[in-house]
Amino acid sequence: MMTKAGLLLPLFAALAFAAPGHAQDDGSLAQSGQPPQRTSVLYTYGDEPCPEPQGDEIVVCAQQPESDRYRVPKDLREELKEDTAVGGGSWASAVEGYDNIARASRPNSCSPVGSYGFTGCAAAALRDWFEARRAP
């Protein structure tokens with residue numbers, strides 16, 4: 002005599018294999034695996050209507066105020082504000098920045114870049130040795 006569990010197990014197995022096949026019978030664009038031939042992402046300004054899609058085209062519209070029609074996009078405006086410091090920065094900070102950039106190519110820098118960069122390697126080794134002796 003078979004139990005209820007013994008009868009239900011084959012039934013559930015049959016449903017598990019039949020359900021995905023039934024779901025894939027739809028021939029729509031989403032189920033076919035083919036991407037649409039054309040997609041359009043547009044900004045519309047003021048009361049402009051979003052254009053109607055033609056065929057299998059996908060149209061995505063974002064509504065913007067009319068005052069932004071001829072302006073630089075907001076993302077680019079924010080970038081421009083971040084790049085410029087107030088007052089342009091001081092000459093002292095500019096010179097310090099140039100000094101740090103050029104430091105690796107100067108003599109006594111212990112660097113393979115620039116003329117006589119290797120000459121600072123002995124001094125760097127001595128500094129490290131003295132620092133190691135001081136540390137407990």
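So the sequence shown is numbered by the numbering used here: it starts at 2 and just counts up by one.
Note that CB positions come from ideal geometry on N, CA and C, so glycine has one too.
Check: residue i C-beta below 7 angstroms from any heavy atom of the ligand GDP
i, result
"T40", "Absence of the ligand GDP is noted for the structure shown, with no ligands found whatsoever."
Sub-8 angstroms separation of residue i and residue j beta-carbons
i, j, result
"G47", "E67", "yes"
"S91", "V60", "no"
"N109", "A124", "yes"
"P37", "E53", "no"
"G98", "C111", "no"
Residue i, buried or exposed, once every other Cβ within 10 Å from all chains shown has been counted against 16
i, result
"S1", "Within the shown structure, residues of the chain are numbered from 2 to 137, placing residue 1 beyond reach of any answer."
"S116", "exposed"
"S94", "exposed"
"M2", "Per-residue confidence for M2 stands at a pLDDT of 48, beneath the threshold of 50, marking its modelled position as unreliable; the derived number appears in the next sentence. Its Cβ having fewer than 16 others within 10 Å, M2 is exposed."
"E132", "exposed"
N-terminal and C-terminal residue of the beta strand (DSSP E) that residue i is part of
i, result
"C62", "59-65"
"V96", "Premise fails: V96 lies in the alpha helix (DSSP H), 92-103, not in any beta strand (DSSP E)."
"S41", "40-46"
Reduced DSSP category for residue i - H, G, I as helix; E, B as strand; rest coil
i, result
"G121", "helix"
"S110", "coil"
"R70", "coil"
"E132", "helix"
"E80", "helix"
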